[in-house]
Every structure is written in structure tokens, then in C-alpha cells.
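J.:
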Amino acid sequence: MEPTVTVRGLTKRFGRKTVLDGLALELGRGVTGLLGPNGAGKTTLLRTLATTLAPDAGEVRALGLDPSDRVQRTEIRRRLGYLPQSPGHYPHFTAFELVEYVAILKEHADRRKRHREVRRVLAETGLTEQSRTKVRKLSGGMRQRLALAQALLGDPDLLVLDEPTVGLDPEQRMRFRALVSRLGESRTVLLSTHQTEDVAALCERVIVMKDGRNVFDGTPRDLAATAAGQVWLSHRPPADSQLFWRAADGRYRTLGARPQDAVPAEPGVEDGYLLLLGEAAEVAA
Amino acid sequence: MKSQWHLPGELIQRYATGRLEPVQVMSVETHLSRCAACREAVPYDEEWLATSWERIEDLVDRPSPRPAARLLHRAGVPDHLATFLAATPTPARGWLAAVGAVLTFAVTAAHLAGQDPFWAVHAVVPFLTIAPVLPLAGIALAYGPHVDPVHELQAATPMAGPRLLLLRALAVLVPAVVLTSIAAPFLPGPGRLAAAWLLPALALTAGTLALSTRVSPRLAAGGLVTAWLAALALEGGLAGHVFVFFSPAAQALYGTAAPILAVFAYRRRAHLDPGESRWNRL
């Protein structure tokens, strides 16, 4: 099957800083999680795929279309749902008006169909009751759901979501996971997050970025497996400066070399991620 | 109590095809509300029913359109564009208030100056100086990542880029021109002077759009506002008045320049949004 998104040699610089450094990846149907520390280039990659930021070099194909061509770029936007990191809002609009405004920008010209679509996405995100509430009166989590609602307009083929679970409470996060996993059955969803639990629970594939490059690409299980033999539990903290923390059961979870009297633990996505990127990797080496 | 009597088939047929008098319809519907068997017997069009429900739902649920949207729709603007245009100035509500305040100040100043014989001839100068550049400020605030809180979100929609920028420019230009046109007749002095702002305003607006194909709209508007004010201040200082800028010859120049610059901006519209231009250069 042809990939939905193909990126080759993607490079972007802001001044002297290279934010994307010859990045290459391919995405197909399903939910892919993008992990990485701040400044790794996640948002820049998502903005490029959402066609709001042109790269300095490299090749991008989304839905088989070339965004450097004006007509094809517009076609990508017709089939795209995008939740930016800072979606912004007009405080004087109601929730309905804001989503309707974006629906107009997405060329939903017929009023009745547009209103039906707005009601649908508000219902999908659990905001039907708030449709007449001014945006400025909505809580942070509700605003985030409102931003997600506009991304769902028109049932897009490609969903690009930048930190979609920020500000959501645990129940809302569960609902979000259910919604996105359902969408991922027939579409391509790329989401960036700092929440490794979301990746473990939701994503079939995970890409880890560091310094503008793709340093891991595989399943969450593969990422967890990279930490095999490097995760330990002990009743006392390790003597040296390894990466460790006190777990809920009172024991110390250590990444890297085995501390004295420690027993091996089942590695998780977070362990693999931290070892891949953090100082723990150097300590373990 | 269960209903024993049922509606005759012929009556159901006449009811279903809308051939009953209102009083008979009420009677039939009273019976239908109590008799499941007769309800089953009434034929209905599923699609018609779904559409009707949707209409009712939309009627009950939809927000009432803003007054400006209603006005535009009545004037023949398509519904979605009317909603869009009416919503556009809202982010710049402060700008509309500022336009109103500036015009009120200019008109009041003209009346106060008009009472003094020495200043009477210059009474309309503040108005004529400010009115042509008001739309430029609106355009500078209409589109871009630094002035619009939802710019990033909009930039990923099919309407992003020149189309959105030009529509937004129109949405701020029209209220500015309307407000200024309302204020102008309140000025003292001859009527032709009160109307002298319009052609310079259109020329400067078209100039801003033309220049925006090279630099950002904010820079283009800022540059032209500065140039306009500097030119008027210089002429005012040298000749003691600025009316040369509003003379028939100058008006002819503005009238010629405005459409030329507008056509230039439209033909180079692909360069109006720097974000879009960078994609095109790849």
C-alpha cells in the first residue's frame, strides 16, 4: 500500500539553528506517536506536514500530493485535520461560531450541511452542551477539545495533532484515546506528545526525534524492548548518579547498570524512551 | 383506554397527501396520537422525515447570525461569505472602536477650529490627513501570524493565503470606508473637501496590497502611513497648507493609481502571503 505521508531529506533552519536535519519517514494508515524532548523538531515537522511551514530543503508528499504546488497544497488542506500546538481562539465567539468559522474556511458552503457537521464534531468531542458558551468562558480542557473538534471537520484523511492531550483530565484523555483509535482504523493519524502512556495505549507505531532527526522508528513494544536488561527495582536508591525514581510501591526504579541488590523489572515505553535519549543511556553504556 | 375505531383507508390517504381541511387534520392527528395501528398505516417518506427533522434541529440549534451577516446576506452575499466577513472584524473589534474614536476626534477638532477665523481654512486638515490611512491600519491588523490568534489554524485550511488575506482586507476596508463616509458630512466647510479623502484612501489601500507582495502587510501599511504623514507634514511646513494633496490634479492621480495598483496586487496575489510564497519557491 502506498504511504499516506512521505518525507525525504527534510531540513529546516531558524537562523543558525537546524531544527530538522535531513529527516526521512513514511506514514501509512493508523496512529503514529511522535516523541522527543523540547526542541527536537516535532512541532516543526507537524507544521510542515500541515502545510503551514515550508521547509528549506527536502521532499514532502502528503496523501500522494506535493505541497510545493499551490493547487495540490490546497487539495491537501481539504483532506487535512490539524490541531496546532497553540490553536488560539477568538474569545467573543461561541464554541459553535468558532467551529463554524473554521468550517467556512474549509469550504463548507452549504449552511445546513455545515451546521450539521459542526454539531457532529461538537458531539464527538463532548461539547454539545457548551455550543452556545463563549470560548473565553470555557475551561482549558474544553478549549483543547474545541480545537480538536475543528480538526475533525470534514472527516479528514490525514490528522496531524500537536500535543492533543494537553489540559485534558483523565476521563477526557480516555475519551480522546477511544476517538483517535477509532479514527486511526481508516485514516492516518500523527500525534506528538510528551505522554508516553498515551503512546503505549494508543499508537501502533512510535517515532522518537532528537535534534531534528529520527532516532527510533518502531512499535511501542519495540521501544520498550530497547530497555530490556536495563531496568531495575531495588529497596535502596542506587549509589551512583544513575537515572532513578521512587515508584508507587516504595521501591526505586533505576535505568542503566544494575544497582546492588536490585532485581530486573519489565521495561515500559517510558524506560526505552528515557534510555534512548537521556543521560541514562550514557551511564548504561 | 384502547381505541376501538380506526381511520378509514381513504381518510388516511387524504391525510397523507395533504388533502384534508385543518380541522380534519387536527381530528386525525388526535386519533393517531392514541392509536398505534393507525400510525402504522400512515405512509411516510423516510428521507423527507429525516430532512424535516434536520431543518427543525437546525432552526432550534443554530446561533442567530450577527447583524452584519444578516445585512450582507440580504445584500446578496452568499451565506457562508456573509458569516465569514461579519466575523472577521471581531478579532479587530478594538480597531473598529479606534476608527470611530479617531473620526470623532477629527470632526470635533474641525468644528472647534472652524470657530476661529484664523484656523477656519485648516479646519478639515486633521480629518483629511487621517481618513485616508485608516483602512491601512485595518489591513495591517487583518492577517498574519503576529496579529491573528488563530492564524496557525487558518493557515492549514483551503482558504488560507491570498484569498483569505484579500477577503479580510475587504472586510476591514468596507467598514472603515462606511464609518468615514458617515463622519464626512459632519465636517464644516464645502462638501467637496469632505469627500476629498476617498480617492487617496483607495490609492493608499491598493498601494498597501501591491507593496504586500514584496514585504509583510504590516511593513507595507506602516511604510505608506509614514510616507503619507511625512509628505503632508513637509508640505504643511513649507507651503503652510496641504491642499495640494487634495487638488483636482492630485485626485486624478489617485484615481488613476488606485486601479493600476489594485490590478498589480491581484496579478501578484500569489506573493501576498510570505508563508505561501516560501512553499511556491521549493
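Residue numbers (the UniProt record's numbering), protein chains in the order written: chain A, 1 to 285; chain B, 1 to 282. Virtual Cβ for every residue (Gly too), placed ideally from N, Cα, C.
For A:I76, collect the residues of the same chain with a Cβ closer than 7 Å to its Cβ; drop the 5 residues on either side in sequence, then sort them by chain order.
T.: Cβ within range, chain order: T51, A62, L63, L65, P67.
J.: In whole angstroms, give me the CA-to-CA distance for residue 331 of chain B and A:G39.
T.: A question about residue 331 of chain B goes unanswered here, because the residues of chain B that appear run from 1 up to 282.
J.: CA-CA distance, A:T128 and A:V121?
T.: Approximately 9 Å, taken between the alpha carbons.
J.: Under 8 Å Cβ-Cβ, which residues of chain A neighbour B:A270?
T.: Here the neighbours are R70.
J.: Do you know offhand how far A:L23's Cα is from A:R145's?
T.: Rounded to the nearest angstrom, the two C-alpha atoms are 30 Å apart.
J.: A:F14: buried (16+ other C-beta within 10 angstroms of its C-beta) or exposed?
T.: It is exposed - the Cβ of A:F14 has fewer than 16 other Cβ atoms within 10 Å.
J.: How many whole angstroms separate the CB atoms of A:L49 and A:V160, which I take to be in contact at a CB cut-off of 8 Å?
T.: That belief holds up - the Cβ atoms of A:L49 and A:V160 are roughly 5 Å apart, short of 8 Å.
J.: Could you give the first and the last residue of the continuous beta strand (DSSP E) run that contains A:G30?
T.: Start and end: 30-35.
J.: For the putative contact between B:D79 and A:R111, defined by C-beta atoms under 8 Å, what is the C-beta separation to the nearest angstrom?
T.: That pair is a contact at about 5 Å.
J.: Given this structure, state the Cα-to-Cα distance separating B:G275 from B:L187, to the nearest angstrom.
T.: Approximately 43 Å between the Cα atoms of the pair.
J.: Please confirm whether A:T6 has its beta-carbon closer than 7 Å to some beta-carbon of chain B.
T.: Chain B contact via Cβ: absent.
J.: Quick one: what's got a C-beta closer than 8 Å to A:L168's C-beta in the same chain, skipping five residues either side?
T.: The answer, listed in chain order, is G141, Q144, R145, F176.
J.: Return helix, strand or coil for A:A280, following the three-state DSSP convention.
T.: Legend: pLDDT at A:A280 = 42, less than 50; position of this residue unreliable, value from coordinates given subsequently. Three-state DSSP puts A:A280 in a helix.
J.: Select from the segment 152-174 of chain B all residues with a C-beta closer than 9 Å to any C-beta belonging to chain A, and list them in chain order.
T.: Cβ contacts with chain A come from E152, L153, Q154, A155, A156, T157, P158, M159, A160, G161, L164.
J.: Can you check whether the C-beta of A:E107 is within less than 7 Å of a C-beta belonging to chain B?
T.: With 7 Å as the cut-off, A:E107 counts as an interface residue toward chain B.
J.: Any beta-carbon of chain A closer than 7 Å to the one on B:W48?
T.: So no, B:W48 is outside the interface.
J.: By how many angstroms is the C-alpha of A:E117 removed from the C-alpha of B:A37?
T.: If you take the alpha carbons of B:A37 and A:E117, they lie about 36 Å apart.
J.: Leaving out five residues before and five after B:L11 in sequence, what residues of the same chain have Cβ atoms less than 6 Å from its Cβ?
T.: Excluding residues within five positions, none has a Cβ falling inside 6 Å.
J.: If the cut is a Cβ gap below 9 Å, which residues of chain B does A:F96 touch?
T.: Those are D61, R62, P63, listed as they occur along chain B.
J.: Return yes when at least one heavy atom of the ligand MN lies under 6 Å from the C-beta of A:G64, else no.
T.: For the structure depicted, the ligand MN is absent and the ligand set is empty, with no information on it obtainable.
J.: Can you find a C-beta in chain A that's less than 7 Å from the C-beta of B:V150?
T.: Cβ-Cβ to chain A under 7 Å: yes for B:V150.
J.: Does the beta carbon of A:P87 come closer than 7 Å to any beta carbon on chain B?
T.: It does; some Cβ of chain B falls within 7 Å.
J.: What does A:T74 touch in chain B if you count any residue whose Cβ is under 8 Å from its own?
T.: Neighbours of A:T74 on chain B, chain order: P158.
J.: Got a sec? Which residues, its chain only, sit under 6 Å from B:P132 by beta carbon, not counting five neighbours each side?
T.: For B:P132, where only same-chain residues beyond five positions count, the Cβ hits under 6 Å are W197, P200, A201, L204.
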